[in-house]
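What follows is a set of notes on a single structure, which appears directly below.
Residue numbers (the working numbering): 22 to 133.
In structure tokens:
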């Protein structure tokens, strides 16, 4: 069960990282839609698991690799935005949220 503080920090990180990806990496991710679906923060606020949905699905792994390469830059930009709200900026880990791909697969199976 997440505390209220964890939930607030998670929502703020989700909003900020979505804006960072959209503004600072739009040129590198041209033609790819990246959505930050969920952020889970550890109890001590030291780690954040960021789940992203990528469309088209075929580019999910390459996009995840790009985000991992840019992890330091993303964390730095996040630090500039959140420096007055938390003592330390959490370590970021990116994961693919494949729930949309799963739903599309189920829809295709039901259509047959």
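Backbone N, C-alpha and C fix where the C-beta goes; we use that ideal spot for every residue, glycine too. Given the structure is predicted, the values throughout are model-derived calculations rather than measurements.
| query | result |
| --- | --- |
| DSSP beta-bridge partners of residue 82 | According to DSSP, residue 82 bridges with nothing at all. |
| Alpha-carbon spacing of residue 61 relative to residue 49, whole angstroms | 26 Å |
| Coil, strand or helix - residue 69 by DSSP | strand |
| Short Cβ contact (8 Å threshold) for residue 112 with residue 78 | no |
| Inter-residue spacing [alpha-carbon to alpha-carbon] between residue 80 and residue 51 | 11 Å |
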